[in-house]
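Asks:
In my numbering, the protein residues as written are 27 to 170.
What follows is the structure in structure tokens.
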């Protein structure tokens, strides 16, 4: 009887160990057209948008001229491969997934810049210095 219990415990531990292994994230291939330079944003979880195309085991997205793609697909921690990108042409890569309080993915973004470091820095400076200074008095407010 003890042998059976020991075997069952061992089997449960093995099954638990197999379940706890992290599955690798999905593969995402980003195809960058020749001559493209600028920001790229992949908006995920947009119910009105089409799902990403699949080629074999990979999702594939082609960067359009405006650099914006919306999809109903949500990818968590994808393994990204850039096609047609030269070394040192991808800057500021970030990915985020938006979840409900109980951890269900409802959307997300993948963002990066394609171009030279100089162009990326200039774009970042525009973002950091965009907007005009706001005078609180214009809104009937005063600062402390």
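No residue lacks a Cβ here, since even glycine has one placed at the ideal position from N, Cα and C.
#1: Is DSSP giving residue 84 helix, strand or coil here?
#2: Determine the burial state of residue 77: buried for a count of at least 16 other Cβ atoms within 10 Å of its Cβ, exposed for fewer.
#3: What's the gap between the Cα of residue 73 and the Cα of residue 138?
#4: With DSSP as the reference, label residue 92 as helix, strand or coil.
#5: For residue 188, which three-state DSSP category applies?
#6: So, at 6 Å on beta carbons, what are the nonlocal neighbours of residue 115 in its own chain, with the 5 sequence-adjacent residues on each side left out?
Replies: On the basis of the coordinates in this document:
#1: Along the chain shown, read from residue 1 onward, the residue named residue 84 stands at position 58. DSSP, read as helix, strand or coil, puts residue 84 in strand.
#2: The sequence position of residue 77 within the chain shown is 51, counting from 1. When all chains shown are included, residue 77 counts as exposed.
#3: Position 47 of the chain shown holds residue 73. Position 112 of the chain shown holds residue 138. If you draw a straight line from the Cα of residue 73 to the Cα of residue 138, it comes to about 23 Å.
#4: By one-based count along the chain shown, residue 92 stands at place 66. Under the three-state reduction of DSSP output, residue 92 falls in the coil class, being neither helix nor strand.
#5: Missing from the structure shown is residue 188; the chain here goes from 27 to 170 and no further.
#6: Walking along the chain shown from the start, residue 115 turns up at place 89. 140.
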